[in-house]
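Residue numbers (the working numbering): 16 to 308.
Don't be surprised by glycine CBs; every beta carbon is placed ideally from N, CA and C.
Predicted, not measured: the structure shown is a model, and the values here were computed from it.
Working notes for the structure below.
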């Protein structure tokens with residue numbers, strides 16, 4: 016394969032490239048290069064999944080008039096290709112505008128760092144919808160075995176913020192799609208998280224969208240549905256609920272994470288929440304320790 020210098024055309028000014036005694040050579044990672052548009056490929060793990068056509072058309076018109084003002088960040092792949100780290104929308108618009116070459120910044124980074132940079136750039140530009148952001152967080156945590164705290168430090172967020180974003184993944188796939196496409200708001204989606212039934216989540220999400228309901232109205236619908244599922248309890252039910260709740264609180268204290276118990280006349284299920292492999296292993300260790308006692 017050709018060397019990088021043979022594949023890209025340096026676009027430094029003459030003063031920089033000719034008189035190196037007065038203008039020290041610019042490091043490769045800070046240079047702007049020109050790369051053929053057809054040698055650039057999209058990042059298959061790009062956090063942003065949705066590109067709005069109207070926005071692309073507007074950017075295309077701007078590029079036709081003024082060119083690309085901010086270089087696209089890429090890394091070198093095999094077979095003379097360059098993978099986008101940040102700037103896929105600019106690259107797509109450049110293709111629509113008919114540009115044969117685009118300015119790029121070349122980074123020498125691994126898969127993990129590439130994804131981190133892509134995520135950070137999209138977050139800073141507020142280019143990700145809430146679901147894309149949640150999926151990107153989950154991908155980083157799972158693939159690179161990060162804790163929520165480690166991820167929060169890398170992207171400059173509070174750990175609680177990361178945890179709240181990840182909660183969106185508890186919604187049904189259909190409702191997540193509605194959030195991603197802005198059919199319902201983030202506030203409406205958060206209200207729907209109180210429902211464990213995916214079908215009811217979807218049903219109320221559609222009602223919220225079709226009737227343009229406020230967040231408060233969705234919260235009332237959710238509360239009404241949950242109340243309708245409760246029958247008048249007997250004294251025995253009340254005692255049983257208290258013992259189940261006591262068990263839930265004790266489990267939650269012991270495991271250090273959210274625990275829910277779905278109990279119904281002698282049967283049900285216990286759900287233990289975790290958000291990383293590290294947390295799961297910690298929970299398993301605590302359960303094993305309790306067995307030894």
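Here residue 230 is not bridged, per DSSP, to any residue. Secondary structure of residue 266 (DSSP, three-state): helix.
Separation of residue 283 and residue 266 (C-alpha to C-alpha, rounded to the nearest whole angstrom) is 16 Å. Between the segment 227-244 and the segment 193-204, the count of Cβ pairs shorter than 8 Å is three or higher; the stretches touch. In this chain, the alpha helix (DSSP H) harbouring residue 165 covers 163-170. Taking 3 residues as the shortest admissible run, the segment 193-220 contains no complete beta strand (DSSP E) segment at all. For the 9 Å CB-CB criterion, residue 277 and residue 285 form a contact. Per DSSP, residue 145 is one residue of the alpha helix (DSSP H) stretching across 145-158. By the criterion of a C-beta distance shorter than 6 Å, residue 159 is surrounded in its chain by 127, once the five residues flanking it on both sides are discounted.
The Cβ atoms of residue 269 and residue 305 sit closer than 9 Å to each other. Contact check for residue 186 and residue 207: beta-carbon distance about 6 Å, within the 8 Å limit, so the pair qualifies.
Counting along the chain, the unbroken alpha helix (DSSP H) around residue 177 starts and ends at 174-181. Looking at the backbone, the Cα of residue 271 and that of residue 156 are separated by about 19 Å. Around the C-beta of residue 84, fewer than 16 other C-beta atoms lie within 10 Å, and the residue is accordingly described as exposed. In the three-state DSSP reduction, residue 236 falls in the helix class (H, G or I). Counting along the chain, residue 307 sits inside no beta strand (DSSP E); it lies in the alpha helix (DSSP H) bounded by residues 292-307.
Nearest in C-alpha terms to residue 88, of all of 279, 196, 172, 123, is 123. For residue 86, the secondary structure class from DSSP, reduced to helix, strand or coil, is coil. Residue burial is scored here from C-beta neighbours: residue 216 has at least 16 other C-beta atoms within 10 angstroms and is therefore classed as buried. Beyond the five residues adjoining it in sequence on each side, residue 298 comes within less than 7 Å, by CB distance, of 270, 272, 287, 289 in the same chain, given in chain order. One thing to note: residue 179 has its Cβ no nearer than 9 Å to the Cβ of residue 133. Counting other Cβ atoms within 10 Å of its Cβ, residue 119 reaches 16 or more and is therefore classed as buried. Looking at the backbone, the Cα of residue 56 and that of residue 224 are separated by about 36 Å.
Within the same chain, no Cβ atom closer than 6 Å to the Cβ of residue 260 is found once the five residues on either side in sequence are excluded. Partner residues in the beta bridge of residue 98, as assigned by DSSP, are 56, 90. For residue 286, the uninterrupted beta strand (DSSP E) run begins and ends at 282-287, by DSSP.
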